[in-house]
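Numbered per our numbering, the sequence shown spans residues 116 to 231.
Idealized CB from N, CA, C, for every residue including glycine.
Please read these numbers as outputs of a predicted model, since none were measured by experiment.
Below is one structure, written out as C-alpha cells; the observations come after it.
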Amino acid sequence: MKRIFTLLFFILLTNTFFAQTREELKNNPIVTSSIISVTIGGDFVITGSFPSTFTERLDQFITRIYNQAYTKALQSIRDTKLIIEINKRFKSFSLRGIVLKRADGKLLNVDLQKFR
C-alpha cells in the first residue's frame with residue numbers, strides 16, 4: 116500500500132512540475148514564438164504533452180524530459196528500497212524502437228542507442 120501511495124505521489128509531483136514549466140514558458144513572448152508541443156505516449160517514464168523548441172533534436176528532448184522526471188522522482192524519496200525500485204524502472208526504458216509521428220502523419224523509426 117505504501118509503494119502504491121509513493122508511486123502515485125511521484126506521478127502527481129512530476130505532473131505538477133511540468134505544468135509549472137509550461138506556465139513559465141507561456142509568459143515569455145520571445146520563447147512562445149518558437150515553442151511546439153510534443154506528446155509522449157506509450158510506456159515511458161511520463162506521458163503527456165510537453166513544450167519544446169522547433170530546433171531541439173528528439174534525443175535532446177527525450178533526455179531532458181527523462182532527466183527532469185528522474186530528478187523529481189528522487190528528490191522527495193528517502194526509502195532505499197523505493198529508490199532502488201525507481202532506478203530499475205527508469206533504467207528499463209528502451210532507447211530503440213521509438214516511433215516519431217509527425218503532424219503530417221509521417222512515421223519515423225528512431226534508434227537513440229546509436230547516438231549514445
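Could you spell out where the beta strand (DSSP E) holding residue i opens and where it closes?
i: asparagine 154; result: Correcting the residue type first, residue 154 is threonine in the shown sequence and not asparagine. Start and end: 150-155.
To which residues does DSSP link residue i through a beta bridge?
i: glycine 163; result: Ile155
i: phenylalanine 213; result: Contrary to the premise, residue 213 reads as isoleucine rather than phenylalanine in this sequence. Per DSSP, Val225.
i: threonine 168; result: Ile150
Can you have a look at residue i and say buried or exposed, based on whether 16 or more other CB atoms are within 10 angstroms of its CB?
i: alanine 188; result: buried
i: serine 191; result: exposed
i: valine 160; result: buried
i: isoleucine 151; result: exposed
i: serine 149; result: exposed
i: serine 167; result: buried
Tell me the residue span of the alpha helix (DSSP H) that contains residue i.
i: phenylalanine 205; result: 195-206
i: alanine 218; result: Unbroken run through alanine 218: none, as it is neither H nor E.
i: isoleucine 177; result: 173-190
Segment contact, 8 Å Cβ cut-off, at least three pairs: the segment 193-200 with the segment 167-178
Contact between the segment 193-200 and the segment 167-178 is absent: fewer than 3 CB-CB pairs across the two stretches fall below 8 Å.
For the segment 214-222 against the segment 165-172, are there 3 or more C-beta pairs whose distance is under 8 Å?
Here the segment 214-222 makes no contact with the segment 165-172; the two share fewer than three CB pairs at distances below 8 Å.
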